[in-house]
Amino acid sequence: MAFADNNLDIWTNFVGQNSLLQPLWDNLRLNYQDYVRSPLFPVVLTVSSYFIFCIPYLVCDIMGDRWPWVQQFKIQPSYRPTVSSLLHCTGVTLYNHVFLVLPASVAQWLWRPPADLPDQAPRLIELIVGVIGNLLLFDFQYFIWHLLHHRIRWLYITFHAIHHKYSSPFALATQCLGGWELVTVGFWTTLNPVVLKSHLLTTWVFMLVHVYVSVEDHCGYDFPWSTSRLIPFGIYGGPSKHDVHHQKPSTNFAPHFSHWDKIFGTHADFSFCNAMK
Numbered sequence: 004m005a006f007a008d009n010n011l012d013i014w015t016n017f018v019g020q021n022s023l024l025q026p027l028w029d030n031l032r033l034n035y036q037d038y039v040r041s042p043l044f045p046v047v048l049t050v051s052s053y054f055i056f057c058i059p060y061l062v063c064d065i066m067g068d069r070w071p072w073v074q075q076f077k078i079q080p081s082y083r084p085t086v087s088s089l090l091h092c093t094g095v096t097l098y099n100h101v102f103l104v105l106p107a108s109v110a111q112w113l114w115r116p117p118a119d120l121p122d123q124a125p126r127l128i129e130l131i132v133g134v135i136g137n138l139l140l141f142d143f144q145y146f147i148w149h150l151l152h153h154r155i156r157w158l159y160i161t162f163h164a165i166h167h168k169y170s171s172p173f174a175l176a177t178q179c180l181g182g183w184e185l186v187t188v189g190f191w192t193t194l195n196p197v198v199l200k201s202h203l204l205t206t207w208v209f210m211l212v213h214v215y216v217s218v219e220d221h222c223g224y225d226f227p228w229s230t231s232r233l234i235p236f237g238i239y240g241g242p243s244k245h246d247v248h249h250q251k252p253s254t255n256f257a258p259h260f261s262h263w264d265k266i267f268g269t270h271a272d273f274s275f276c277n278a279m280k
């Protein structure tokens, strides 16, 4: 018992240190100030990280049966994205970012002054809590938005149907979205850290984590290191749950966690999907 208490104290002291993230923050603040203060920086960060996170899953899809040790984790083994579907999703993503996100970012650049960089970095515990808080807030917002766009036919056909073009999701389908949906997601992702008064470093980490788990949800693989397997008690949905949503769109509306679907009775696991076939 004393050993466990000592480990808890060590962990508490570790995450509570004020100076743990300070060297990283000082390096960004002093050496890359002109870049990270720009309103364009979050856009560059999220777009570049999106394609980087997609690459490993794209390689797995391309290798296919030549990597049987990878394919054993494929959620729908009989489905693989075609070249045309990969090009379609890439084209939609680039179109939305070039003609929607980039102009909005440039406009923001013109009227919004560069962000002030505080001298102090957040404590590690503050960063962790801030990232989780932003993910939970976004999860609630998108759950409501997503549910409405499935229940109201006009919203679904007009804005959301393009994302359900593929019943077997793959990484590059993550941002195969209508312009309205992309703008809405971007709005919440940008606004929530402001509402929660997150440190800029916390905001950027949240954006990276959000992009990663979104890609993972759509990757089509349920690896042993998937986030849903690392987080216990079924708290987190993960790729299997979101794969079910693309097969049975009346289920699993929450983007990340599972509690809202359980509360509203829309939660389903992969066994449900198999039983319905």
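In this note's numbering, the protein residues as written are 4 to 280.
Backbone N, C-alpha and C fix where the C-beta goes; we use that ideal spot for every residue, glycine too.
With 16 or more other CB atoms across the displayed protein chains lying within 10 angstroms of its CB, glutamine 250 is buried. The residues Tyr224, Asp225 and Phe226, in chain order, have a CB closer than 6 Å to that of phenylalanine 76 in the same chain once the five nearest residues on each side in sequence are set aside. The Cβ atoms of phenylalanine 56 and valine 218 sit closer than 7 Å to each other. Taking glutamine 25 as the centre and dropping the five residues before and after it, the same chain places the C-beta of Ala124 closer than 7 Å to its C-beta, in chain order. Between serine 231 and glycine 241, the gap from beta carbon to beta carbon is short of 7 Å. In the DSSP annotation of this structure, leucine 120 is not part of any alpha helix (DSSP H), being labelled neither H nor E. Per DSSP, histidine 248 is one residue of the alpha helix (DSSP H) stretching across 241 to 250. Note on threonine 85: under 16 other CB atoms within 10 angstroms of its CB, so exposed under the neighbour-count rule. Partner residues in the beta bridge of tyrosine 224, as assigned by DSSP, are Lys77. In the structure shown, the three-state DSSP call for phenylalanine 173 is coil. Here DSSP, grouped into helix, strand and coil, assigns phenylalanine 209 to helix. By the neighbour-count definition (other C-beta atoms within 10 Å, threshold 16), glutamine 36 is an exposed residue. Boundaries cannot be given for aspartate 68, as no alpha helix (DSSP H) includes it and DSSP labels it neither H nor E. Assignment of phenylalanine 236 by DSSP, reduced to helix, strand and coil, places it in the coil class. Check the Cα spacing between asparagine 30 and each of Val73, Val198, Gly237 and Leu120: the tightest is with Leu120.
The distance from the Cβ of valine 134 to that of phenylalanine 209 is about 5 Å, consistent with a contact at the 8 Å cut-off. Distances from the CA of alanine 118 to each of Pro42, Pro235, Phe260 and Leu33 were compared; the closest alpha carbon is that of Pro42. The criterion of a C-beta distance shorter than 7 Å is satisfied by phenylalanine 256 and histidine 149. Collapsing the DSSP output to three states places phenylalanine 260 in a strand. The alpha carbon of alanine 271 has as its nearest neighbour, out of His163, Ile165, Val247 and Ala110, the alpha carbon of Val247. Rounded to the nearest whole angstrom, the CA to CA distance from tryptophan 28 to leucine 204 is 8 Å. Residues Thr49, Ser52, Tyr53 and Phe56 of the same chain have their beta carbon placed closer than 8 Å to that of valine 214, with the five preceding and five following residues left out of the count. Membership of cysteine 179 in any alpha helix (DSSP H) is not indicated, and neither H nor E is assigned to it by DSSP. Looking at the backbone, the Cα of threonine 93 and that of cysteine 179 are separated by about 8 Å. For asparagine 34, the enclosing alpha helix (DSSP H) covers residues 25 to 34. Contact between leucine 138 and histidine 262 fails: their C-beta atoms lie close to 12 Å from each other, not under 8 Å.
Counting along the chain, the unbroken alpha helix (DSSP H) around tyrosine 145 starts and ends at 127 to 154.
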